[in-house]
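Engineer:
Numbering (the UniProt record's numbering), first residue to last: 1 to 119.
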């Protein structure tokens, strides 16, 4: 019985072990908060909401094919893409039965909310 091989050109879904940011979800959220620069145009227009992004976590953990699925405009979409491009390599998705690292598409909302006076 031979081990099943997975071609690096395909995105595999579902996987047995999801791709993950090194350090987990809390580290991912901290990375976004620490690196987000609220666009001046969005601040002036008091624009708030979420930019819904998608990208592929490659077998080596690098990020590719970054896209905005639903944007806010006013510089927020570009800022969301900038943050994703800054990210370090992720832990890739794995098919446990064959111990194969595989590509996985990931959807990530990035929130833009102006600070309130209470903060």
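We put the beta carbon where it would ideally sit given N, CA and C, even for glycine. Remember, it's a predicted structure, so these values are computed and weren't measured experimentally.
Does the beta-carbon of residue 114 have 16 or more other beta-carbons within 10 angstroms, so that it is buried, or is it exposed?
Structural biologist: To locate residue 114, count along the chain shown from 1; it is residue 114. Under this definition residue 114 is an exposed residue.
Engineer: Distance check for residue 65 and residue 17, CA to CA, integer angstroms please.
Structural biologist: Within the chain shown, numbered from 1, the residue matching residue 17 stands at position 17. Within the chain shown, numbered from 1, the residue matching residue 65 stands at position 65. Looking at the two C-alpha atoms, the distance is approximately 21 angstroms.
Engineer: So within the region 22-94, which uninterrupted alpha helix (DSSP H) runs reach at least 4 residues, ignoring any that extend past its ends?
Structural biologist: Listed in chain order, the complete alpha helix (DSSP H) runs (minimum 4 residues) inside the region 22-94 are 25-35, 40-44, 76-86.
Engineer: Is the beta carbon of residue 104 sitting closer than 7 angstroms to the one on residue 68?
Structural biologist: Sequence index remark: in the chain shown, residue 104 carries index 104 (1-based). Sequence index remark: in the chain shown, residue 68 carries index 68 (1-based). Not in contact: residue 104 and residue 68 (Cβ atoms no closer than 7 angstroms).
Engineer: Taking the straight line between their C-alpha atoms, what separation do you get for residue 44 and residue 72?
Structural biologist: Here residue 44 refers to the residue found at position 44 of the chain shown. Here residue 72 refers to the residue found at position 72 of the chain shown. Residue 44 and residue 72: Cα-Cα distance of roughly 14 angstroms.
Engineer: My output table needs one value for residue 115: the three-state DSSP class, helix, strand or coil.
Structural biologist: As a working note, residue 115 is residue 115 in the chain shown. Correct three-state label for residue 115: coil.
Engineer: Give the DSSP bridge partners of residue 108, in chain order.
Structural biologist: Against the chain shown, residue 108 aligns to sequence position 108. 53, per the DSSP bridge assignment.
Engineer: Based on the DSSP secondary-structure assignment, which residues constitute the bridge partners of residue 17?
Structural biologist: Counting from 1 along the chain shown, the entry for residue 17 is found at position 17. Its beta-bridge partners are 94.
Engineer: Quickly, what does DSSP pair residue 101 with across the bridge? List them, please.
Structural biologist: As a working note, residue 101 is residue 101 in the chain shown. Beta-bridge pairing links residue 101 to 94.
Engineer: Buried or exposed, going by whether 16 or more other CB atoms sit within 10 Å of the CB of residue 100?
Structural biologist: Position 100 of the chain shown, counting from 1, holds the residue named residue 100. Residue 100 is buried by the Cβ-count criterion.
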